[in-house]
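Everything on this sheet refers to the single structure shown next.
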Amino acid sequence: MRADVPAHPLGSTVDRHAVVVIDGVNVSARVLGPLPRTDGPAQTAGWLLQLERTPGALGPGARIEVRLQAAATSGLLVPAEALVYAEKGSYVYRRHRTSSAAGFHYEAVPVRPLSRVGSAWLVEGLAPDDQVVVQGAGVLWSLQGVGSFSAAEEEHD
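For reference, each letter of the sequence shown is one residue, going 1033 to 1189 in the working numbering.
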């Protein structure tokens, strides 16, 4: 069976188990994988499912509820304001202690946003003990002379 999901960055991070609700009855299904094309006008992505058992009430073209669950993903949550978007990807600024008189410096670190969680993003590319700049990340980026914008600027314009 085909399950259409509103455009969402699920990617290949969907758990292999799904639940299909048919006439109020939960039926287990196995997620076989994403379909190669999305439905442009409806802005949906398709997933192919295999039902463990097929109830008699299910027929072609039926609209039913399907519950897909995102697979467990490792990453760190960072506030949306910490992300800076540029031509070559997304970045955050990480603070490092130094032995110089300044005491610390900042460096842009490439990250991969995985999913939006409230006002934060789950990202890959950081260590748990990294100190991330939240306010002023866009200013640090512009001081490098590279054109970009921060997530905070995008949301408020």
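Even glycine gets a Cβ: it sits at the ideal position worked out from N, Cα and C.
| field | Same chain, Cβ closer than 7 Å to L1080, five either side skipped, listed in chain order | value | R1034, L1064, G1065 and L1067
| query | At what residues does the alpha helix (DSSP H) containing S1174 begin and finish? | reply | A1169 to L1175
| task | Report yes if the C-beta distance between Y1117 and P1142 is below 8 Å; otherwise report no. | result | Result no, Cβ atoms of Y1117 and P1142 do not sit closer than 8 Å.
| field | Outcome for V1149 when other beta-carbon atoms lying within 10 angstroms are tallied against a minimum of 16 | value | exposed
| field | Reference L1100, options S1151, V1052, V1166 and R1144, closest by Cα | value | V1052
| field | Inter-residue Cα distance where the pair is D1161 and R1127 | value | 10 Å
| query | What's the gap between the Cα of A1140 and the Cα of W1173? | reply | Near 8 Å, if we compare the C-alpha coordinates of W1173 and A1140.
| By Cβ distance below 8 Å, which residues in the same chain neighbour L1115 in space, the five residues on each side in sequence not counted? | S1122, Y1123, V1124, V1143, P1145, W1153, V1155, A1169, S1182 and A1183
| What separation, rounded to the nearest whole angstrom, lies between the Cα atoms of V1057 and H1049? | 16 Å
| task | Select from I1054, V1164, E1097 and D1047 the residue whose C-alpha is nearest the C-alpha of V1110. | result | Here the closest residue by C-alpha is V1164.
| query | How close, in whole Å, do the beta carbons of V1059 and P1087 come, if the pair is a contact with beta carbons under 8 Å? | reply | 7 Å
| task | Could you give the DSSP three-state label for A1103: helix, strand or coil? | result | coil
| Does the distance from the C-beta atom of Q1082 to that of R1095 stay below 8 Å? | no
| field | Cα-Cα separation between A1103 and A1133, rounded to whole angstroms | value | 46 Å
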